[in-house]
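K.L.:
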Amino acid sequence: MKNELEIFNEIVDELLKIEDSVPVAKLGAPEEMLEKFDISVSDDAMSDKDLRAVLGKVVLNTPRTASRSFFNQLFGGRMPAATLGELLSVMLNISMYTYKVAGPHVGIEIELINKICQMIGYPAEESGGTFAPGGSMSNFMSVIMARDHYDADIKLQGVSKKLIIYTSAEAHYSIAKNATFAGIGRDNVRYLPVNDRGQMDAGLLEEMIIADRENGAHPFLINATAGTTVLGSFDDIETLAHIAKKHEIWLHVDGAYGGSVIFSEKHKHLVKGLEKADSFSINPHKMLGTPLSCSMIVTKHKKQLVDSFSQDATYLYQGNTDDYNLGKTSLQCGRRNDAFKFWSLWKSVGTKGLESTVDQLYHLADVGREYVTNHCDYTLYSFEESTSVCFNYKDIPADKICNALADHGKLMVGHGSFKGQQFVRFVTVNSRLTETDIVRFFEEFEKFTDSHIF
Ligand code: ABU
């Protein structure tokens, strides 16, 4: 590996330099880009020199998500200690299903799960969780647990009832996909309207549940969102928990984007009532700067997690109690180690450091919102207590500006829409940025937009 590690260091050195000097890689059209490299794999081996050249070229032409000009998706930046943990995980190449092959990493994963459960106020003895390959799959696990909790026979017999999921019109798109995967059907997801701030209108929820029951359907899951993908809005968990309890329906809180507020004294009120939810998902790869993917789901019904996901396999589970064989509560069989990088970060900065990260992201969003409200060419569409700053500039269509910015290698920022209004969605999820970077974004944005015809 010595040679490969040298190549790694050389390429990473180049990457770090170029991230600073040219923060956005000019992509061009896919066909054009793919012609730049010899992408094909062939029968013959390649020399180390040629391999190094092609690897370097690919890396340097890849979108620079850790740069100071990337505001495009709900992740970004590179927390050093988390990256170190990830690199070591790659070297170790373990699979998280058994203690026998994962050793201390089993304890590390359990520690993180227990800590999150404790922070949100789940009872220690009955709670549990796992790492899933992304927020969509964490949400999927909540659907399966809720479904099996409603009717344990489904695990053996399959779905034969019209089961109903309730969520808001602003919920993540995985809810629809997961309804298909779980045998529920996309037509059986009820999308509740949202208020002007993007929060689920819980007033209609009870009526819908009662009507569905009267029509012979089976409401089994309410999916709340803590941080919607566009506005970053938080549903009112307390109210939803009350309805869920009254009607004996599983409540899941999708905190993939905003769930990290649990680390912040200042912002955790946004998930008030979270301890009453049956399950909760959180993506440290979003607000906490941990490399993709790092997603966790925790539940206060560990028994349900085991019932829904355990399956014996004598060729795999050989020795040690199931408490240490994490494959008994996971979605997949072979499972990469997503815990170590988050643990490495947490160890390095402490809970207080993670709190500072969350507070810094909200502060950067305040700086962005303030800029927008103080400059008359802008219209603001998002609200405080969100790390998404949604705006339009001089009424120019947001998609046109965002695409042109990327095509010209200037800035990476995306667009979204809410209630039919399209806008730029600028997200502050890279905590290594400063106020200066936020102001610089707007200045570059204006300079570019004003010098182009849209
Ligand atoms: N869950 C991924 C959302 C991606 C985005 O809105 O940027």
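Just so you know, we're using numbering that gives the first Met the number 0 here: the sequence shown kicks off at 0 and counts up by one.
Yeah, the Cβ is synthetic: ideal placement off N, Cα and C, and Gly gets one too.
Let me check you understand the geometry: is the CB of Q303 closer than 6 Å to at least one non-hydrogen atom of ligand 1?
P.N.:
Position 304 of the sequence shown, counted from the start, is the residue given in the question as residue 303. Flag unset: Cβ of Q303 not near ligand 1.
K.L.:
Under the DSSP definition of a beta bridge, which residues are partnered with W249?
P.N.:
Position 250 of the sequence shown, counting from 1, holds the residue named residue 249. BP columns for W249 point to L220.
K.L.:
Looking at ligand 1, does it come within less than 6 Å of L315, judged from the CB to the closest heavy atom?
P.N.:
Position 316 of the sequence shown, counting from 1, holds the residue named residue 315. Not under cutoff, so the answer is no.
K.L.:
Could you check which residue in F453, I452, K446, V438 has the C-alpha nearest to that of F70?
P.N.:
Mapped onto the sequence shown, residue 70 falls at position 71. With distances taken between Cα atoms, F70 lies closest to V438.
K.L.:
Out of M207, D152, G184, which has the shortest C-alpha to C-alpha gap to L191?
P.N.:
Taking the first residue of the sequence shown as 1, we reach residue 191 at position 192. Nearest C-alpha to L191: M207.
K.L.:
Using alpha carbons as the reference points, say which of T350, G333, K275 lies closest to F341.
P.N.:
Mapped onto the sequence shown, residue 341 falls at position 342. Among T350, G333, K275, the Cα nearest to that of F341 belongs to T350.
K.L.:
Near D358, what residues of its chain come up, given a Cβ to Cβ distance below 8 Å and the 5 sequence neighbours on each side ignored?
P.N.:
Translated into positions along the sequence shown, residue 358 becomes position 359. The residues are S263, K265, H266.
K.L.:
Are the CB atoms of P290 and T499 within a distance shorter than 7 Å?
P.N.:
Any answer about residue 499 is impossible in this case: the structure gives the chain only from 0 up to 453.
K.L.:
For L86, which residues in the same chain have their Cβ closer than 8 Å to its Cβ, ignoring the five residues on either side in sequence?
P.N.:
If you number the sequence shown from 1, residue 86 lands on position 87. None.
K.L.:
Go through its chain and collect everything with a Cβ distance to L330's Cβ below 8 Å, but skip five positions before and after it.
P.N.:
What you label residue 330 is simply residue 331 of the sequence shown in a count that begins at 1. Taken in chain order, the residues that qualify are T129, A131, P132, M136, F139, M140, F308.
K.L.:
Go through its chain and collect everything with a Cβ distance to V193's Cβ below 7 Å, but skip five positions before and after it.
P.N.:
Your numbering for residue 193 matches position 194 in the sequence shown. Excluding sequence neighbours, V193 sits near S167, A168, E169, M199, D200.
K.L.:
Just curious, the alpha helix (DSSP H) that R212 is in, first and last residue?
P.N.:
Here residue 212 refers to the residue found at position 213 when the sequence shown is read from its first residue. That run of the alpha helix (DSSP H) goes 204-213.
K.L.:
Taking DSSP as the reference, what is the three-state secondary structure of Q420?
P.N.:
For the purposes of this step, residue 420 is identified with residue 421 of the sequence shown, where counting begins at 1. Looking at Q420 - three-state DSSP - the assignment turns out to be strand.
K.L.:
Closest to S387 by CA distance: which of C375, A405, G415 is it?
P.N.:
The residue given as residue 387 occupies position 388 in the sequence shown. Nearest option by C-alpha distance: G415.
K.L.:
Give the straight-line distance between the Cα atoms of D322 and G76, rounded to the nearest whole angstrom.
P.N.:
Start at 1 with the first residue of the sequence shown, and residue 322 comes out as number 323. Start at 1 with the first residue of the sequence shown, and residue 76 comes out as number 77. Using only the alpha carbons, I get a separation of about 35 Å.
K.L.:
Check for me: the beta strand (DSSP E) holding R67 runs from which residue to which?
P.N.:
What you label residue 67 is simply residue 68 of the sequence shown in a count that begins at 1. Segment: none, R67 is in no beta strand (DSSP E) and carries neither H nor E.
K.L.:
Between the beta-carbon of F382 and the beta-carbon of R196, is there less than 7 Å?
P.N.:
Position 383 of the sequence shown, counted from the start, is the residue given in the question as residue 382. Position 197 of the sequence shown, counted from the start, is the residue given in the question as residue 196. Taking 7 Å as the Cβ cut-off, F382 and R196 qualify as a contacting pair.
K.L.:
Quick one: grab the DSSP three-state call for S263.
P.N.:
Reading the sequence shown from its first residue, position 264 is the one you call residue 263. S263: coil per DSSP, three-state reduction.
K.L.:
L26 to F36, Cα distance in whole Å?
P.N.:
Reading the sequence shown from its first residue, position 27 is the one you call residue 26. Reading the sequence shown from its first residue, position 37 is the one you call residue 36. So the alpha carbons of these two residues sit roughly 13 Å apart.
K.L.:
Out of I109, V57, L15, which has the shortest C-alpha to C-alpha gap to K301?
P.N.:
As a position in the sequence shown, residue 301 is number 302, starting the count at 1. It is I109 whose Cα lies nearest to the Cα of K301.
K.L.:
Once DSSP output is grouped into helix, strand and coil, what is the label at V188?
P.N.:
Residue numbering aside, residue 188 sits at position 189 when the sequence shown is read from its first letter. V188 falls in the strand class under three-state DSSP.
K.L.:
Could you check if G120 belongs to the surroundings of ligand 1, using beta carbon to heavy atom distance under 6 Å?
P.N.:
For the purposes of this step, residue 120 is taken as residue 121 along the sequence shown, with counting starting at 1. Checking the Cβ of G120 against ligand 1 gives no.
K.L.:
Less than 8 Å between the CB atoms is what I'm expecting for V252 and I236, so what's the real figure, rounded?
P.N.:
For this step, residue 252 is matched to residue 253 along the sequence shown. For this step, residue 236 is matched to residue 237 along the sequence shown. Their Cβ separation, rounded to whole angstroms, is 6 Å, which keeps V252 and I236 in contact under 8 Å.
K.L.:
If I follow the unbroken beta strand (DSSP E) through N429, where does it start and stop?
P.N.:
For this step, residue 429 is matched to residue 430 along the sequence shown. No beta strand (DSSP E) contains N429, which DSSP labels as neither H nor E.
K.L.:
Could you name the residues that DSSP lists as bridge partners for C389?
P.N.:
Counting from 1 along the sequence shown, the entry for residue 389 is found at position 390. DSSP lists R424 as partners of C389.
K.L.:
Touch check for the region 431-447 and the region 51-58: three-plus C-beta pairs under 8 Å?
P.N.:
With the cut-off at 8 Å, the region 431-447 and the region 51-58 do not touch.
K.L.:
Less than 8 Å between the CB atoms is what I'm expecting for G134 and S88, so what's the real figure, rounded?
P.N.:
Translated into the one-based positions of the sequence shown, residue 134 becomes position 135. Translated into the one-based positions of the sequence shown, residue 88 becomes position 89. Their Cβ separation, rounded to whole angstroms, is 20 Å, which puts G134 and S88 out of contact at 8 Å.
K.L.:
For ligand 1, which residues have a Cβ under 5 Å from at least one heavy atom, in chain order?
P.N.:
Q72, L73, T228
K.L.:
Hey, would you say L239 sits closer than 7 Å to I221, going by beta carbons?
P.N.:
Looking up residue 239 in the sequence shown gives position 240. Looking up residue 221 in the sequence shown gives position 222. Cβ atoms of L239 and I221: closer than 7 Å.
K.L.:
Measuring alpha carbon to alpha carbon, tell me which residue in R67, E13, K99, P103 is nearest N60.
P.N.:
As a position in the sequence shown, residue 60 is number 61, starting the count at 1. The option with the nearest alpha carbon to N60 is E13.
K.L.:
Under three-state DSSP, which class holds A168?
P.N.:
Locating residue 168 in the sequence shown gives position 169, counting from the first residue. DSSP places A168 in coil when its eight states are reduced to three.
K.L.:
Could you tell me if T224 is buried or exposed, where buried requires 16 or more neighbouring beta carbons within 10 angstroms of its beta carbon?
P.N.:
In the sequence shown, residue 224 corresponds to position 225, counting from 1. Burial call: buried.
K.L.:
Could you give the first and the last residue of the continuous beta strand (DSSP E) run that contains F130?
P.N.:
Counted from its first residue, the sequence shown places residue 130 at position 131. Segment 127-131, the beta strand (DSSP E) holding F130.
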